[in-house]
Amino acid sequence: MMVIMEIKGSVATGYGKGAYFLGQKFYKSKFNEKCGFTPYPGTLNIVVPEKYLDSIKRIKSNTNNIIKPREGFGGVRYIKATLKDLATQNTVTGAIVFPDKTTHEENYLEFIAKENLRKKFDLKDEDEVKISIDEQ
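Here this note's numbering is used: the first residue of the sequence shown is 0, the next is one more, and so on.
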């Protein structure tokens, strides 16, 4: 696979809504089916500089990776990606998710993986991470 984009950003506290949605059987089974892992019920929120926003919008609008909405739940676009903790150089495979319904600003990315990434990498707000997006 070829890396098509790398994004550096900093960890931020979210609203806690990702935990609710990723705890639902519907989303857990769909991400397991489509990404090969059952996501930890929560997202790692990453604030990215404005210079990445146009490229992120382009990737988001061009992806065919979509979990279609189900009654009571919104659809989610996703892009498989790798996250690297820049302090330790440890990496994890996961996905960036773009929920149809979100309360985040456009400079927030939500990353999912099978583990609690804050605990796994001992991440705190403002810690720097890098996301690598591969060809889908």
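No residue lacks a Cβ here, since even glycine has one placed at the ideal position from N, Cα and C.
This structure is a prediction, so every number in the text was calculated from the model and none was measured.
(request) Following the continuous beta strand (DSSP E) through glutamate 127, name the residue where it begins and the one where it ends. (result) Glutamate 127: member of the beta strand (DSSP E) spanning 127-133, first to last residue.
(message) Measuring only the C-alpha atoms, how far is cysteine 34 from valine 96?
(response) Answer to the nearest angstrom: the Cα atoms are 11 Å apart.
(request) Could you please give the first and the last residue of the uninterrupted beta strand (DSSP E) stretch that includes phenylalanine 97? (result) Element bounds for phenylalanine 97: 90-98.
(request) Pick helix, strand or coil for asparagine 63, following the three-state DSSP scheme. (result) Residue state for asparagine 63 is assigned as coil, using DSSP reduced to three classes.
(message) Only counting the same chain, and skipping five residues up and downstream in sequence, which positions put a Cβ closer than 6 Å to that of tyrosine 51?
(response) Ile6.
(request) Buried or exposed for valine 2, please, with buried defined as at least 16 other CB atoms from any protein chain shown within 10 angstroms of its CB. (result) With a threshold of 16 other beta carbon atoms within 10 Å, valine 2 falls short and is exposed.
(message) How far does the beta strand (DSSP E) with leucine 108 in it extend, from its first residue to its last?
(response) From DSSP, the beta strand (DSSP E) with leucine 108 extends over 107-111.
(request) Assuming isoleucine 45 contacts phenylalanine 120 (C-beta within less than 8 Å), just tell me the rounded distance between them. (result) The beta carbons of isoleucine 45 and phenylalanine 120 sit about 12 Å from each other, so the pair does not count as a contact at 8 Å.
(request) Give the C-beta separation of leucine 43 and arginine 117 to the nearest angstrom, bearing in mind that I take them to be a contact with Cβ-Cβ under 8 Å. (result) Indeed, because the Cβ distance is near 7 Å, the residues count as touching under 8 Å.
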